[in-house]
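Number 189 marks the last residue of the sequence shown (the UniProt record's numbering); no jumps.
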Amino acid sequence: DLFRIERQGERKRFDNSEFSKIPSNRRLLWHGSRATNLAGILSQGLRIAPPEAPVSGYMFGKGIYLADSSSKSATYCYSINTGGEALLILCEAALGAMQTLIEADYNAGTKAKKNGMHSTRGQGKIGPRRWVDAGIVDPSLEGVEMPNPKARLSESGIKDTKLHYNEYVCYDVAQVRLRYLLYVRIKVF
1 DLFRIERQGE
11 RKRFDNSEFS
21 KIPSNRRLLW
31 HGSRATNLAG
41 ILSQGLRIAP
51 PEAPVSGYMF
61 GKGIYLADSS
71 SKSATYCYSI
81 NTGGEALLIL
91 CEAALGAMQT
101 LIEADYNAGT
111 KAKKNGMHST
121 RGQGKIGPRR
131 WVDAGIVDPS
141 LEGVEMPNPK
151 ARLSESGIKD
161 TKLHYNEYVC
171 YDVAQVRLRY
181 LLYVRIKVF
């Protein structure tokens, strides 16, 4: 099942943010979370841990973590606890200038800001080779890129990366807009 999401005030915040004025690098990306977190996400949006929270567990610093592979985001749904049922969120992210890393750096957010970057991409071994304009599936998404639905994920050719899949981290909540909620069934082995 697929549901369109329009959180009150989120589109205005997204469109009026400083990130809407930077050169376009907007992408449709996945976010996965436990079903128990969904009410909070839908009512308050995706949030970033406060400065006083411990930084451990945040591979690229505190931010909103997204992926270009639904499989990667599905792992955060912990569907084994729900009989294989999961909810995935498809987000529009204004990534701007990205720094690319191939291994964990807990200070990535600080370094990105210092170097004039807006987000971090953790380069994985597997990811989409080509991106297409999402306007082909929904005219309201024109100008937003998504992985080419006709192409499979493929090897990135980056041998030294410590990541299996690509990850994207936004360091400001205004960079992310919730667009769709998907109910999926995942095979539990």
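Beta carbons are placed, not taken as given, at the ideal position from N, Cα and C, and that holds for glycine. Bear in mind that the values here come from a model prediction, so they are computed numbers and not experimental data.
In the three-state scheme derived from DSSP, where H, G and I count as helix and E and B as strand, E18 is classed as helix. For Q175, there is no enclosing alpha helix (DSSP H), as DSSP marks it with neither H nor E. For G40, the enclosing alpha helix (DSSP H) begins and ends at 38 to 44.
With 16 or more other Cβ atoms inside 10 Å of its own Cβ, S69 counts as buried. Take P147, set aside five residues on each side of it, and the residues of its chain with a beta-carbon closer than 7 Å to its own are D68, P128, W131, in chain order. By the C-beta criterion, the region 71 to 83 is judged to be in contact with the region 26 to 44, since at least 3 inter-stretch pairs fall below 8 Å. By the Cβ-count criterion, Q44 is exposed, with fewer than 16 other Cβ atoms from all chains shown falling within 10 Å of its own Cβ. A residue is called buried when at least 16 other Cβ atoms come within 10 angstroms of its Cβ; I136 does not meet this threshold and is exposed.
A distance below 6 Å between beta-carbons, with the five flanking residues on each side excluded, links H118 to the following residues of its chain, in chain order: G96, A97.
In this structure A94 is buried. Its beta-carbon is surrounded by 16 or more other beta-carbon atoms within 10 angstroms.
For A94, no alpha helix (DSSP H) segment is defined; the enclosing uninterrupted segment is the beta strand (DSSP E) at 85 to 94.
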